[in-house]
Amino acid sequence: MAVEAKEKQGTGFFAKLKARLNRGKTWLTGDLLGLGSRPLDEATVEELETRLLTADVGVDATQWLLDEMRKANRRTPGAPASELLRQTALALMQTVEAPLVISAAHKPFVILAIGVNGTGKTTTVGKLAHRLKASGASVMLAAADTFRAAAVEQLQEWGRRAGVPVIAQAPGADPAAVVHDALVAARARNIDVVLADTAGRLHTAAGLMDELEKVKRVIARFDATAPHETLLVLDGSQGQNALAQALRFNERLKVTGLVITKLDGTAKGGILLAIARQLRLPIRYVAVGESAEDLDVFRAEEFVRALVGDGAG
Ligand SMILES: Nc1nc2c(ncn2[C@@H]2O[C@H](COP(=O)(O)OP(=O)(O)O)[C@@H](O)[C@H]2O)c(=O)[nH]1
Ligand SMILES: [Mg+2]
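Now the structure itself:
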């Protein structure tokens with residue numbers, strides 16, 4: 102049975118997402134409340150366009166959304182603009198709703214967390230360790246950010262709190278060797294899931310990609326089907342910059358899933374629409390804070406309701 106299926110559905114998460122996303126004042130339900138019952142006339146389209154662009158949706162996804170809304174409007178003339186937007190955004194976000202399934206067929210199931218410095222990789226790995234352990238899986242962490250001693254200590258602290266072992270070496274060790282150690286230990290101890298944390302900054306960006314490719318090669322040598330998930334962690338408050346990072350990482354490392362963090366800060370949330378439209382990669386998880394319960398599976402319906410309201414007002 103898939104581990105994820107046993108995870109509890111976090112019903113309290115929607116309330117947190119709604120309250121914290123864009124600090125509770127979304128660009129639609131806030132000062133555009135009056136849009137509610139307006140039809141999609143050209144003035145409304147123009148206002149929406151500005152609104153979408155300021156919300157980090159980006160030029161490409163904004164044009165696509167407005168085109169789709171116009172088409173929907175021709176099918177159901179006079180429909181409220183807010184409802185057209187809700188439906189169109191939902192259809193888009195459903196294309197990237199694909200929760201990570203941790204298959205018991207792969208043992209250990211190997212998850213490699215990557216991303217630039219400070220996006221929340223270590224925190225996400227720690228949160229996932231909690232979550233997977235709570236679902237009954239045995240978990241091991243690999244401290245492959247060997248760049249700074251503090252990074253190893255930060256992961257060890259998450260490991261202690263979650264009650265899962267952390268495999269680490271001295272600062273400066275070869276990240277690929279740390280991951281290899283962890284895989285060997287995990288196999289010996291019959292561990293279900295290995296989560297590998299990695300560095301986000303090296304002397305040059307090219308060096309980082311080379312290093313991560315090497316980690317991937319070492320994992321694949323251990324198990325040709327691994328890593329089973331290459332999870333790119335993006336900081337939602339970085340807007341279009343997060344999208345640029347994603348394109349760069351995906352080009353070199355074939356990302357299989359995304360985590361969008363920090364949706365509780367200044368993030369406007371619209372970046373998820375841009376990501377869905379331009380990357381078309383599954384959004385596995387979203388995070389709205391620093392503690393373990395602040396991470397949950399991405400659910401399109403919930404996200405769109407938090408972002409543009411549920412049509413009730
Ligand atoms: N507000 C908020 N802070 C977060 C979230 N995820 C991570 N952080 C914080 O962002 C900072 C960088 O996180 P870290 O996991 O060390 O990033 P890394 O460099 O990618 O490993 C830390 O202070 C985290 O506590 C989140 O969802 N919301
Ligand atoms: Mg880190």
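Quick note on the numbering used here: the sequence shown kicks off at 102 and runs consecutively. Positions of the beta carbon are idealized from the N, C-alpha and C atoms, including for glycine.
Best match in A407, I203, E184 and A156 for proximity to G340 [C-alpha to C-alpha]: Checked all of A407, I203, E184 and A156; the closest Cα to G340 is A156.
Contact check, D298 vs V226, beta carbons under 7 angstroms: Going by C-beta atoms, D298 is nearer than 7 angstroms to V226.
Cβ-heavy atom distance, G301 to ligand 1, below 6 angstroms: Answer for G301: yes, Cβ within range of ligand 1.
Counted within 10 angstroms of its Cβ, other Cβ atoms place A289 as buried (16 or more) or exposed: A289 is classed as exposed because its beta carbon has fewer than 16 other beta carbons within 10 Å across all chains shown.
Length at least 4, wholly inside the segment 250-288: the alpha helix (DSSP H) runs in chain order: Counting only runs of 4 or more, we get 250-263.
Any non-hydrogen atom of ligand 1 within 6 angstroms of A368 CB: For A368, the Cβ stays outside the 6 angstroms cut-off from all heavy atoms of ligand 1.
heavy atom of ligand 1 below 6 angstroms from T224 C-beta: Yes, the Cβ of T224 comes within 6 angstroms of a heavy atom of ligand 1.
A214 - partner residues in DSSP beta bridges: A214 is bridged to L332.
Contact check, V267 vs G260, beta carbons under 7 angstroms: Cβ atoms of V267 and G260: closer than 7 angstroms.
A271 burial status per 10 Å Cβ neighbour count (16 or more: buried): By the 16-neighbour rule on beta-carbons within 10 angstroms, A271 is exposed.
Any non-hydrogen atom of ligand 2 within 6 angstroms of D293 CB: Incorrect: D293 has no Cβ contact closer than 6 angstroms to ligand 2.
8 angstroms contact criterion, which G358 and L332 should meet: CB distance rounded: The distance from the Cβ of G358 to that of L332 is about 5 angstroms, consistent with a contact at the 8 angstroms cut-off.
Alpha-carbon spacing of R262 relative to L373, whole angstroms: A direct Cα-Cα distance of roughly 31 angstroms separates R262 from L373.
Burial state of D87, where buried means 16 or more other Cβ atoms lie within 10 Å: An answer regarding residue 87 cannot be provided, because it is not within the stretch 102 to 414 covered by the chain.
Every unbroken alpha helix (DSSP H) inside the segment 140-222 [4 residues or more]: The segment 140-222 contains, as complete alpha helix (DSSP H) runs of 4+ residues, the segments 143-155, 160-176 and 182-195 (chain order).
Own chain, CB closer than 7 angstroms to A286, minus 5 neighbours either side, in chain order: M241 and I268, listed in sequence order.
Inter-stretch contact at 8 angstroms, needing at least 3 Cβ pairs: the segment 381-391 / the segment 159-178: Short answer: they don't touch.
Nearest residue (CA-CA) to F248, options F114, R406, R152 and L313: Nearest C-alpha to F248: L313.
Given 8 angstroms, three or more beta-carbon pairs between the segment 395-413 and the segment 176-193: Enough Cβ pairs lie closer than 8 angstroms, so yes.
Straight-line Cα distance separating D275 from A116: Approximately 42 angstroms, taken between the alpha carbons.
Beta-carbon proximity list for A199, same chain, < 6 angstroms, skipping 5 on both sides: Excluding residues within five positions, the ones whose Cβ falls inside 6 angstroms are P383.
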